[in-house]
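Participant: Pasting a structure below so you can have a look.
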Amino acid sequence: MLSLAGVALGAGGSLFGQYLVSRASTRQLEVQESAAHRAELKNAVLKFLGLASQVEKAALAPPGTADSAADARLDQLVDDLWLAHAEIDLAARNESLRGAAYRYAARLAEAARDGITDGSALRGPQAQFFDAAYDDMWPGHRRATGASVTPR
31 MLSLAGVALG
41 AGGSLFGQYL
51 VSRASTRQLE
61 VQESAAHRAE
71 LKNAVLKFLG
81 LASQVEKAAL
91 APPGTADSAA
101 DARLDQLVDD
111 LWLAHAEIDL
121 AARNESLRGA
131 AYRYAARLAE
141 AARDGITDGS
151 ALRGPQAQFF
161 DAAYDDMWPG
171 HRRATGASVT
181 PR
């Protein structure tokens, strides 16, 4: 009878050990998937922001400096911006990032179409985009705002 109890305890211990290994493997897989998602989304966000910066600079060009070649270049930048938005749309895990990216891209496209003299109208959608991107990459963590950054 005692040896039967030992076998039962040994089997139970083995099952418990397998359970712990399984949980550790699952957690490791979740960490790897999260890191892969962050890397993919980071690349899409950086591409989008690079194009957003170019569209903003072109839209803020002083009146009278645009010619047909500059207009064609701006049109191409806006097209590229919408493609970059689509990459974010595919990579994002949450709807708030998709919506924030759309609103920022739409505001940039509007600025490119109508011309703007002050980029401050873009700051609100830009900040919402940053917050949503951060939340998608690091859910549950708050992004530090108002931190003092010393220029190099």
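All the letters of the sequence shown, read from the start, carry residue numbers 31 to 182 under our numbering.
Just so it is clear, CB atoms sit at the ideal spot from N, CA and C, and this is done for glycine as well.
(1) Just to confirm, are Ala131 and Phe160 a CB contact at a threshold of 7 Å?
(2) What separation, rounded to the nearest whole angstrom, lies between the Cα atoms of Ile145 and Ala157?
(3) Are the stretch 80 to 87 and the stretch 105 to 125 touching by the rule of at least three beta carbon pairs closer than 8 Å?
(4) If we count the other Cβ atoms within 10 Å of its Cβ and call it buried at 16 or more, is Leu76 buried or exposed?
(5) With a threshold of 16 other CB atoms inside 10 Å of the CB of Leu59, please say whether the residue is buried or exposed.
(6) If you follow the alpha helix (DSSP H) that Ile118 is part of, which residue opens it and which one closes it?
(7) Assuming Met167 contacts Lys87 (C-beta within less than 8 Å), just tell me the rounded distance between them.
(8) Could you tell me the alpha carbon to alpha carbon distance between Ser126 and Tyr134, rounded to whole angstroms?
(9) Please check if any C-beta of chain C sits within less than 7 Å of the C-beta of Gly145.
(10) Within 10 angstroms of the Cβ of Leu152, are there 16 or more other Cβ atoms? Answer buried if so, exposed if not.
(11) Going straight from the alpha carbon of Val61 to that of Ala174, what length do you get?
(12) Alpha carbon to alpha carbon, how far is Arg172 from Leu104? Give it in angstroms, no decimals.
(13) Gly170 to Pro155, Cα distance in whole Å?
(14) Is the beta carbon of Ala141 less than 7 Å from the beta carbon of Ala99?
Facilitator: Reading it off the structure:
(1) As a first step, residue 131 is located in the sequence shown; it is residue number 101 there, counting from the start. As a first step, residue 160 is located in the sequence shown; it is residue number 130 there, counting from the start. For Ala131 and Phe160, no; Cβs fall outside 7 Å.
(2) Indexing the sequence shown from 1 puts residue 145 at position 115. Indexing the sequence shown from 1 puts residue 157 at position 127. In the sequence as presented, Ile is not what sits at residue 145; that position holds Gly. Answer to the nearest angstrom: the Cα atoms are 21 Å apart.
(3) yes
(4) What you label residue 76 is simply residue 46 of the sequence shown in a count that begins at 1. Classification for Leu76: exposed.
(5) Your numbering for residue 59 matches position 29 in the sequence shown. The residue is exposed, with fewer than 16 neighbouring Cβ atoms inside 10 Å.
(6) To locate residue 118, count along the sequence shown from 1; it is residue 88. First-last of the alpha helix (DSSP H) with Ile118: Ser98 to Ala121.
(7) Translated into positions along the sequence shown, residue 167 becomes position 137. Translated into positions along the sequence shown, residue 87 becomes position 57. The pair is not a contact, with the Cβ atoms about 26 Å apart (cut-off 8 Å).
(8) Reading the sequence shown from its first residue, position 96 is the one you call residue 126. Reading the sequence shown from its first residue, position 104 is the one you call residue 134. The straight-line gap from Cα to Cα measures roughly 12 Å.
(9) Included in the structure is just one protein chain, with no chain C present.
(10) For the purposes of this step, residue 152 is taken as residue 122 along the sequence shown, with counting starting at 1. Counting Cβ neighbours within 10 Å, Leu152 comes out buried, since at least 16 surround it.
(11) As a working mapping, residue 61 is identified with position 31 in the sequence shown. As a working mapping, residue 174 is identified with position 144 in the sequence shown. Taking the straight line joining both Cα atoms gives about 23 Å.
(12) As a working note, residue 104 is residue 74 in the sequence shown. As a working note, residue 172 is residue 142 in the sequence shown. Distance between the alpha carbons of Leu104 and Arg172: 35 Å.
(13) Looking up residue 170 in the sequence shown gives position 140. Looking up residue 155 in the sequence shown gives position 125. Cα to Cα, Gly170 sits roughly 21 Å from Pro155.
(14) On the sequence shown, position 111 is the one that residue 141 refers to. On the sequence shown, position 69 is the one that residue 99 refers to. No. Outside cutoff.
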